[in-house]
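For the sequence shown, the numbering used here gives the first residue as 267, with consecutive numbering after it.
Even glycine gets a Cβ: it sits at the ideal position worked out from N, Cα and C.
All of these numbers come straight from a predicted model, not from anything done at the bench.
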Amino acid sequence: MKLIIRMMAGVSGPWTAISARHCVPQALSLLLVSLMLAGCSTSNLAILSPASGFATGQRDLIYFAIGLMLIVLIPVWLLAFWFPFRYREREGTRGHHPEWTTLPWVEAVVWTVPAIIVAIIGYTVWLETHRLDPYAPAPSQGTAVQIDAISLDWKWVFLYPDGRGATVNELVLPVGRPIELHLTSDTAMTSLFIPGLAGQIYAMAGMETELNFQPERAGMHIGRNTQYTGGSFPDQQFTVKVVSPEDYRTFLDRLSRNGSSLSEADYYELKMNRHTSPVREYSTYPNELFQSVIDTYCSSNCGRRQTEPGSHAPQGANPEGTAGGKA
């Protein structure tokens, strides 16, 4: 072992430059890190395995930013290893004292290159932020499926179109159809995020936000609240099932035949039970449930839809306060 380290260090005399006592732990650490990284895979990282055009745009933006940053990071990492090796203390060598106090071209490189990279990343992120606007309809020829989502402590209630049922902590979506998810909160401000499928957007009391995306392949996803809201915050997750259009219609038919109905009393019980909930299914729900939740926190002169920054009024809503139709 000592002979190998001597050869790497270029030392032929007494053992002075590198001590095996220091190198062996470092070598073992590198070996351990290598073994740990060997088991890594992107298949379990939902954000790197996108299942919608929206999520693909997010992933590509991450790759683009990392690729540009590597222009700086790779030389830094290489020099961090090369400098200690090149200028290590060896027998018969003197200290390295460059005969210069400043080097303009080096200073120009170390300041200009990072500045250019930051400018490129900033401009690209600005463009992509507008292109990936969560309120922009997903590019598709099909009719969007509108689903309302209400955030509670610490659960999610999903209301399916045309009053055809509701679910708690489970969201079923058809593949290949644009999804128009409308959100509000009947508790503190929360943040809905479905990695690999849709972006992140806040749900706020008295306001309505919107998230548009289109699932491109069937599969299972986990949605979660990423905004800290108290003790059971880690438990506020829900399952997202992306199924074929036929299976989606079958699901809605089965849901509508379910004997359990989500009454106002049932909803109030869900709201006041400040714990997470198992998956529940309901055949019907009050027609104005979503709007009534918004109105609960909305002052008398704000109309039927809030139009605060970050919350778009739906089609037909009048921002001056008169009632409008639902999008």
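Tell me the DSSP secondary structure of residue i in three-state form.
i, result
"Q324", "helix"
"A317", "coil"
"T516", "helix"
"V545", "coil"
"M470", "coil"
"E530", "helix"
"E535", "helix"
"G576", "Per-residue confidence for G576 stands at a pLDDT of 42, beneath the threshold of 50, marking its modelled position as unreliable; the derived number appears in the next sentence. In this structure, G576 counts as coil in the three-state DSSP scheme."
"A283", "In this prediction, A283 scores a pLDDT of 45, lower than 50, which makes its location untrustworthy; the coordinate-derived value is nonetheless stated afterwards. Here A283 sits in coil by DSSP."
"G496", "coil"
"G361", "coil"
"G333", "helix"
"R616", "This structure leaves residue 616 out entirely; the chain is present only between 267 and 593."
"L311", "coil"
"L297", "helix"
"S522", "helix"
"P350", "helix"
"L269", "In this predicted model, L269 has a pLDDT of only 38, less than 50, meaning its place in the structure is not dependable; the value taken from the coordinates is given anyway. If DSSP states are grouped into helix, strand and coil, L269 belongs with the helices."
"P552", "coil"
"G569", "Confidence at G569 is low in this model, with a pLDDT of 47, below 50, so the placement of that residue should be treated as unreliable; the coordinate-derived value is given next. DSSP places G569 in coil when its eight states are reduced to three."
Ends of the alpha helix (DSSP H) at residue i?
i, result
"F556", "555-562"
Name the DSSP bridge partner or partners of residue i?
i, result
"I488", "T505"
"T450", "I416"
"A464", "I460"
Terminal residues of the continuous beta strand (DSSP E) containing residue i?
i, result
"E476", "475-479"
"T456", "456-460"
Enumerate, from N- to C-terminal direction, the unbroken beta strand (DSSP E) stretches of 3 or more residues contained entirely within the region 363-446.
411-418, 421-425, 432-434, 436-440
With a cut-off of 8 Å, do at least 3 Cβ pairs link the region 384-397 to the region 476-485?
no
Three-pair Cβ contact test at 8 Å for the region 494-513 versus the region 437-448:
yes
Check whether the region 516-524 touches the region 420-433, taking contact to mean three or more Cβ pairs, one atom from each stretch, closer than 8 Å.
yes
Determine contact between the region 448-458 and the region 486-498, defined as no fewer than three beta-carbon pairs at a distance below 8 Å.
yes
Evaluate contact between the region 547-559 and the region 410-428, counting only Cβ atoms and requiring at least three cross-stretch pairs below 8 Å.
yes
Three or more C-beta pairs under 8 Å: does that hold for the region 335-343 against the region 409-417?
no
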